[in-house]
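Residue numbers (this note's numbering): 29 to 99.
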């Protein structure tokens, strides 16, 4: 068998583990500092706004406004 491909992924797996470890530490510190709920709420609001802006309805409104401004 050829194991050459498996060695290429080892670095990515280690990097992924380190990233998840860092995320875990940030989560613990955020929970202890009582700021995580505020951060989560803020990110949730931003995500919802992005999703709303991506809808066909809002895109239609925005493109109509651009057409009116140009013509």
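Beta carbons are placed, not taken as given, at the ideal position from N, Cα and C, and that holds for glycine.
Keep in mind that this is a model prediction, so the values were computed, not measured.
Contact between residue 58 and residue 64 holds: their C-beta atoms lie close to 4 Å from each other, under 8 Å. Judged by DSSP in its simplified three-state form, residue 63 adopts coil rather than helix or strand. Approximately 6 Å separates the beta-carbon atoms of residue 80 and residue 86; this is inside 8 Å, confirming the contact.
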